[in-house]
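Enquirer: Per my numbering, the sequence shown starts with residue 69, numbered consecutively.
Every residue, glycine too, gets a C-beta built ideally from N, C-alpha and C.
These numbers were taken from a predicted model, which means no experiment stands behind them.
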Amino acid sequence: MELLYNLLIYVLIALSVVLVISIMIQPSKQDGGVSAFTGGGDELFERRKARGFEAVMQRFTGVMIAIWLAVGFALVVLSTR
C-alpha cells in the first residue's frame with residue numbers, strides 16, 4: 069500500500085510539472101497590449117473557436133487536469149486508510 073502511495077505521489081508531481089508547462093505554452097487569447105488596458109471587453113461576447121495547435125493544447129490540458137484530479141482523489145482515499 070505504501071509503495072502505491074509513493075508511486076502516486078511521484079505521478080502527481082510529474083503531472084503537475086506537465087500541467088504547468090502545457091498551460092504556459094498555450095497561445096495568448098489577447099491580441100495586443102491594448103487589450104491589457106481595455107480588459108478585453110471588446111471580445112466579451114465574441115465566440116472564437118479554437119483551431120489547430122490551440123485546440124490540441126486545450127484538449128490536452130483538459131485531459132491532464134482530469135487525470136491530475138483522479139490521482140489526487142486516489143491519494144486522498146489511500147491516505148485515509
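List the endpoints of the continuous alpha helix (DSSP H) containing residue 89.
Expert: Along the sequence shown, one-based indexing puts residue 89 at 21. 70-92 is the extent of the alpha helix (DSSP H) around residue 89.
Enquirer: Is it true that the stretch 117-129 meets the stretch 76-85, where meeting means three or more beta-carbon pairs spaced less than 8 Å apart?
Expert: Segments in contact, no.
Enquirer: Have a look at 85, 116 and 77 and flag the residue whose alpha-carbon is nearest the alpha-carbon of residue 141.
Expert: Start at 1 with the first residue of the sequence shown, and residue 141 comes out as number 73. Comparing Cα positions, the closest option is 77.
Enquirer: Could you tell me the alpha carbon to alpha carbon distance between residue 147 and residue 75, rounded to whole angstroms?
Expert: For the purposes of this step, residue 147 is identified with residue 79 of the sequence shown, where counting begins at 1. For the purposes of this step, residue 75 is identified with residue 7 of the sequence shown, where counting begins at 1. Cα to Cα, the separation comes out at about 13 Å.
Enquirer: Alpha carbon to alpha carbon, how far is residue 143 from residue 71? Give it in angstroms, no decimals.
Expert: By one-based count along the sequence shown, residue 71 stands at place 3. By one-based count along the sequence shown, residue 143 stands at place 75. Cα to Cα, the separation comes out at about 12 Å.
Enquirer: So, for residue 139: in the same chain, excluding its five sequence neighbours on each side, which residues have a beta-carbon less than 6 Å away from its beta-carbon?
Expert: Taking the sequence shown and counting its residues from 1, one reaches residue 139 at position 71. The residues are 76, 79 and 80.
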